[in-house]
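Shown next, in structure tokens, is the structure this report addresses.
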Amino acid sequence: MTEKYLSLNGKKFYYDEIASYSFRNSIPLNGYESKTLEFCRNWLNGVQEFPIQTSGSTGVPKTITLTRNQLEASARRTIKLLNLKQGDCTLVCLNTEYIAGMMMLVRGFVADLQMIIVEPIGNPLSLVSPDEKIVFASFVPMQIPTILQEAPERLEQLNRMKGILVGGAPVTPTQQRELQRIQAPIYHTYGMTETASHIALRKLNGFDAADYYDVLDSIQVGLDRRGCLTIKGDITNNELLITNDIVELLTPTRFRWIGRADNTINTGGVKVQTEKVELAIAEAFADNDNSPRFFIAPQPDEVLGDKIVLILEGAQLAQEEEQKMLDRLRQLLKKYEMPKEVYYSPSFTETSTGKVSRQRTLQKLGLYTD
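Residue 1 is where the sequence shown starts when you use full-length UniProt numbering, and the numbers rise one by one after that.
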């Protein structure tokens with residue numbers, strides 16, 4: 001019988017040596033490799049509980065504990081949906097210390113996949129042979145456009161996949177257009193650490209691309225009195241999980257995501273959803289070759305109570321370019337949704353998973369962050 005192994009940054013590790021950690025003194029490891037192999041060792045040795053840190057993009061990072069049963073239940077749904085089979089090759093290119101990357105490892109173990117694990121960089125395929133027949137991978141939104149820009153010849157490698165997951169951040173209009181070049185089905189994920197990764201998916205490319213999420217099998221969703229999504233199923237230990245995500249519930253198993261309840265800005269007595277304004281800003285920058293990162297935030301105002309301001313990363317835009325962007329926004333937004341001021345930050349502060357920390361960026365600019 002062939003011994004099972006995984007590839008980690010080009011190094012081959014057999015499952016039996018991972019379980020015993022017999023390689024530690026003979027193979028030099030960096031911190032990422034050590035953390036990845038530590039999780040793999042615990043999984044192979046039957047550990048039943050796993051502490052996992054949340055990303056901290058929407059609040060203070062915290063550590064929660066998920067059970068092996070929760071992780072396996074989540075993994076089996078994705079395996080079934082994408083028809084993953086024993087021996088299929090999967091690319092793990094997300095940080096394995098957090099739920100998205102960790103669940104890629106769990107899916108690999110549960111489905112007995114051949115795992116190629118690499119550092120989570122912008123173009124992870126640059127670390128993989130073009131001859132590898134990868135059938136499943138998960139990316140953050142910026143990784144696929146980076147791959148297509150830096151290595152357009154890898155399009156065929158992406159096209160051959162059974163399925164591609166994209167998550168961890170919203171998909172911008174520019175990214176959405178780039179994804180249409182890929183023939184393999186691409187799904188935007190909805191989920192969180194507390195639900196052991198995604199509980200719902202929406203198709204991003206092809207004729208059946210959608211703006212709504214379909215909930216995976218045997219997971220119950222509903223609304224609380226705020227209009228926020230509630231989730232219950234084996235991935236929550238059958239306990240009701242109340243989220244901060246405002247959604248439009250279209251059917252008992254389908255919803256459209258609106259935004260986070262804590263991202264509502266009350267300006268002049270009108271409630272404005274942050275995500276709607278930011279989508280319009282992304283559209284206003286869609287034709288720019290090098291669009292800056294950005295976000296909006298509330299700031300105190302004597303008349304409005306709170307006013308909306310726009311924070312752009314990088315050098316200040318030329319006056320004509322900034323005016324062109326604002327003129328385009330006026331076509332896309334209502335008057336009360338328009339940013340009242342534009343601020344520039346040389347660089348955004350990020351969380352450990354590479355997401356923008358809005359609060360710390362605002363603090364760095366000396367702006368109000370309550």
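Glycine is no exception: its CB is placed at the ideal position from the N, C-alpha and C atoms.
Round the Cβ separation of residue i and residue j to the nearest angstrom and send it over; I've been treating them as touching at under 8 Å.
i      : j      : result
Ile144 : Glu178 : 7 Å
Ile311 : Phe285 : With 8 Å as the limit, Ile311 and Phe285 do not qualify as a contact, their Cβ atoms being about 14 Å apart.
Phe255 : Leu229 : 7 Å
Leu113 : Thr90  : 5 Å
Ala184 : Arg160 : 7 Å
Gln220 : Lys203 : Not a contact, Cβ separation roughly 22 Å.
Quick one, are the C-beta atoms of residue i and residue j less than 7 Å apart?
i           : j      : result
Tyr212      : Ala200 : no
Asn123      : Thr146 : yes
Asp234      : Ala75  : no
Asp306      : Ile265 : yes
Gly168      : Ala210 : no
Pro141      : Val118 : no
Glu313      : Ser345 : yes
Pro130      : Gln149 : no
Ile164      : Ala196 : no
Gly222      : Ile246 : no
Ala297      : Thr172 : no
residue 420 : Ile52  : Since the first and last residues shown for the chain are 1 and 370, residue 420 lies out of range.
Taking 7 Å as the limit between beta carbons, can you name the residues of its chain near residue i, skipping five residues before and five after?
i      : result
Leu333 : Val277, Ala280
Glu322 : Val342
Pro36  : With the sequence shown as reference, residue 36 is identified as Thr, and Pro is not the correct amino acid for it. Answer for Thr36: Leu8, Thr96, Ile117, listed in chain order.
Going by other Cβ atoms of all chains shown within 10 Å of its Cβ, with 16 needed for buried, is residue i buried or exposed?
i      : result
Val47  : exposed
Asp88  : buried
Gln180 : exposed
Ser26  : exposed
Asn263 : buried
Thr2   : exposed
Ile64  : exposed
Thr361 : buried
Gly268 : exposed
In chain order, what residues of the same chain have a beta carbon less than 6 Å from the beta carbon of residue i, not counting five sequence neighbours either side?
i      : result
Ser57  : Bear in mind that a pLDDT of 49 at Ser57, under 50, signals an unreliable position, so the number given afterwards is only what the model happens to contain. So the qualifying residues of the chain are Thr351, Lys355.
Gln363 : Thr369
Regarding residue i and the ligand SAM, is the C-beta to nearest heavy atom distance less than 6 Å?
i      : result
Leu158 : With respect to the ligand SAM, the structure shown offers nothing to examine, as it has no ligands at all.
In its own chain, which residues sit with a C-beta less than 8 Å from the C-beta of residue i, not counting the 5 before and 5 after it?
i      : result
Ile116 : Leu6, Ser7, Cys89, Thr90, Leu91, Val92, Val128, Glu132, Ile134
Arg260 : Thr58, Asn244, Asp245, Ile246, Thr274, Glu275
Lys85  : Ala111
Query raised in the report: Fully enclosed by the UniProt domain "AMP-dependent synthetase/ligase" (54-201), which beta strand (DSSP E) runs are 3 residues long or longer?
Result: 63-67, 89-92, 114-117, 134-139, 163-166, 186-192
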